[in-house]
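With the UniProt record's numbering as the guide, the letters of the sequence shown map in order to residues 1 to 135.
Structure first, commentary second.
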Amino acid sequence: MAKSPNTRKPASGTRRKNRTARAPNDIDRLVGANIRALRLDRGLTLADLASEMSISHQQLQKYETGTNRLSAGMMCAAAEVLSVEIGELFRSKSVPEGESDPATRLREEAGFWVRRIRTQGNLRIAVRILKVLAS
Numbered sequence: 001m002a003k004s005p006n007t008r009k010p011a012s013g014t015r016r017k018n019r020t021a022r023a024p025n026d027i028d029r030l031v032g033a034n035i036r037a038l039r040l041d042r043g044l045t046l047a048d049l050a051s052e053m054s055i056s057h058q059q060l061q062k063y064e065t066g067t068n069r070l071s072a073g074m075m076c077a078a079a080e081v082l083s084v085e086i087g088e089l090f091r092s093k094s095v096p097e098g099e100s101d102p103a104t105r106l107r108e109e110a111g112f113w114v115r116r117i118r119t120q121g122n123l124r125i126a127v128r129i130l131k132v133l134a135s
């Protein structure tokens with residue numbers, strides 16, 4: 001079988017770069033660190049969050065430490081499970097948080113916990129408690 005004229009073998013001792021695999025960058029590390037901070041704020045273990053994202057805890061740890069890059073789909077899954085807007089994953093700690101006051105953050109966290117309630121009975125109790133607190 002004849003070789004294609006456009007196919008060239010790399011010179012001896014050199015490696016061809018894989019253009020699809022890219023090393024994590026500062027943004028990947030920032031997103032990972034923010035996922036970790038949000039996970040810890042909510043009292044979740046690596047295993048808890050990984051299970052809800054349908055990945056292994058080892059893979060989540062690689063995302064959080066910036067060893068591996070997160071796909072857009074994984075970022076969406078993390079934001080959904082953590083009950084935050086996806087933009088929160090990109091927020092730098094050095095950026096003033098003027099847009100996000102403490103009450104807004106607490107509402108987001110309350111929503112996160114309410115969405116984790118699994119039984120109707122417990123959800124009814126939570127709704128009654130919230131009604132009392134809101135009045």
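For each residue, glycine too, the CB sits at the ideal point set by N, CA and C.
Predicted model, so just to flag it, every value in this text is computed and none were measured.
Spanning the alpha carbons of HIS57 and GLN120 requires a straight line of approximately 29 Å. Nearest C-alpha to ASP26 among ALA47, ASN68, ARG42 and MET53: ASN68. Between VAL84 and GLU52 the beta-carbon gap is near 14 Å, outside 8 Å, which marks them as no contact. Within a 10 Å sphere around the beta-carbon of ILE125 sit fewer than 16 other beta-carbons, which makes this residue exposed. Runs of the alpha helix (DSSP H) lying entirely within the UniProt domain "HTH cro/C1-type" (35-89) and spanning at least 4 residues, in chain order: 46-53, 57-65 and 72-82. The three-state secondary structure of LYS131, taken from DSSP, is helix. Around the beta carbon of LEU40, a 10 Å sphere encloses fewer than 16 other beta carbons of the protein chains shown; the residue is thus reported as exposed. In this structure ILE35 touches TYR63 by the C-beta definition: roughly 6 Å separates them, less than 8 Å.
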